[in-house]
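Undergrad: I am attaching a structure below and will ask some questions about it afterwards.
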Amino acid sequence: MPALLGYYGSVADASPDCFDRFSDDERAIEGLPIRLVIALVVGVASLGVMMNMLSGLGGLTVTELDAAPAPDVIGPGEQKVTVTVVDPEGNPVSDATVVVSGGTASLDGVKTATTDENGNATLSVDPTLAPNQREGTLDVRIKPPAGSDYADERENAAILVLAGE
Numbered sequence: 008m009p010a011l012l013g014y015y016g017s018v019a020d021a022s023p024d025c026f027d028r029f030s031d032d033e034r035a036i037e038g039l040p041i042r043l044v045i046a047l048v049v050g051v052a053s054l055g056v057m058m059n060m061l062s063g064l065g066g067l068t069v070t071e072l073d074a075a076p077a078p079d080v081i082g083p084g085e086q087k088v089t090v091t092v093v094d095p096e097g098n099p100v101s102d103a104t105v106v107v108s109g110g111t112a113s114l115d116g117v118k119t120a121t122t123d124e125n126g127n128a129t130l131s132v133d134p135t136l137a138p139n140q141r142e143g144t145l146d147v148r149i150k151p152p153a154g155s156d157y158a159d160e161r162e163n164a165a166i167l168v169l170a171g172e
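Counting in the numbering used here, the sequence shown runs from 8 upward without gaps.
Next up, the structure:
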């Protein structure tokens with residue numbers, strides 16, 4: 008009696024040797040029906056759209072924050088710098104943490120401050136330049152308020168330190 012082997016047809020003698028070709032098949036995902044793959048992709052896309060439509064979900068969108076230091080050009084020595092944190096529309100962001108660290112100019116440690124209701128954070132910095140160094144920068148980073156949809160992925164404006172200022 009012939010044995011049916013599905014896709015491969017049938018053989019008159021279903022001995023163990025005729026099934027060896029299944030274990031040697033290295034096509035892997037090529038054997039999956041394309042309809043299954045399409046159904047999976049369409050299903051995941053539909054689920055994403057439905058989840059976005061539900062009220063109460065904030066979605067996967069985040070708002071980029073920006074920092075505006077004032078003054079943005081300073082000289083070596085101790086001084087105060089006010090950094091204003093704003094969203095893309097220019098609205099101030101409160102409770103964000105501003106972190107200022109040495110870039111190409113040296114700064115003793117890392118300085119941090121939290122923004123007030125007007126989005127302002129005032130820090131006391133004491134940058135120094137190396138001998139024969141005419142200019143340097145201080146890097147400004149923002150840690151968004153906890154539990155918010157804000158992010159600081161892009162580079163912020165640096166504070167320029169000039170030797171003659």
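The beta-carbon is built from N, C-alpha and C at its ideal position, and this holds for glycine as well.
In this text, all values refer to a predicted model and were calculated from it rather than measured experimentally.
Could you tell me the boundaries of the alpha helix (DSSP H) in which L47 lies?
TA: Unbroken alpha helix (DSSP H) run through L47: I41 to M60.
Undergrad: Between which residues of its own chain and D115 is the CB-CB distance below 7 Å, once the five residues before and five after are set aside?
TA: Within the same chain, D115 has close Cβ partners D133.
Undergrad: Can you check which of these residues, D159, S155, T135 and E162, is closest to V168 by C-alpha distance?
TA: Selected option, being the one with the closest Cα: T135.
Undergrad: Flag this pair as touching only if the region 90-100 and the region 48-64 have three or more C-beta atom pairs under 8 Å; answer yes or no.
TA: These segments do not touch.
Undergrad: Just the Cα atoms here: how many angstroms apart are M58 and V69?
TA: Approximately 16 Å between the Cα atoms of the pair.
Undergrad: Taking the beta carbon of D159 as the centre, do at least 16 other beta carbons fall within 10 Å, making it buried, or is it exposed?
TA: Counting Cβ neighbours within 10 Å, D159 comes out buried, since at least 16 surround it.
Undergrad: Once you ignore the five residues that flank G50 on each side, which residues in its own chain have a CB closer than 7 Å to its CB?
TA: So no residue of the chain qualifies.
Undergrad: Provide the residue(s) that pair with D73 in DSSP beta bridges, ordered along the chain.
TA: DSSP lists V93 as partners of D73.
Undergrad: Can you tell me whether DSSP reads R148 as helix, strand or coil?
TA: DSSP places R148 in strand when its eight states are reduced to three.
Undergrad: Considering L167, what are the terminal residues of the beta strand (DSSP E) in which it resides?
TA: I166 to L169 is the extent of the beta strand (DSSP E) around L167.
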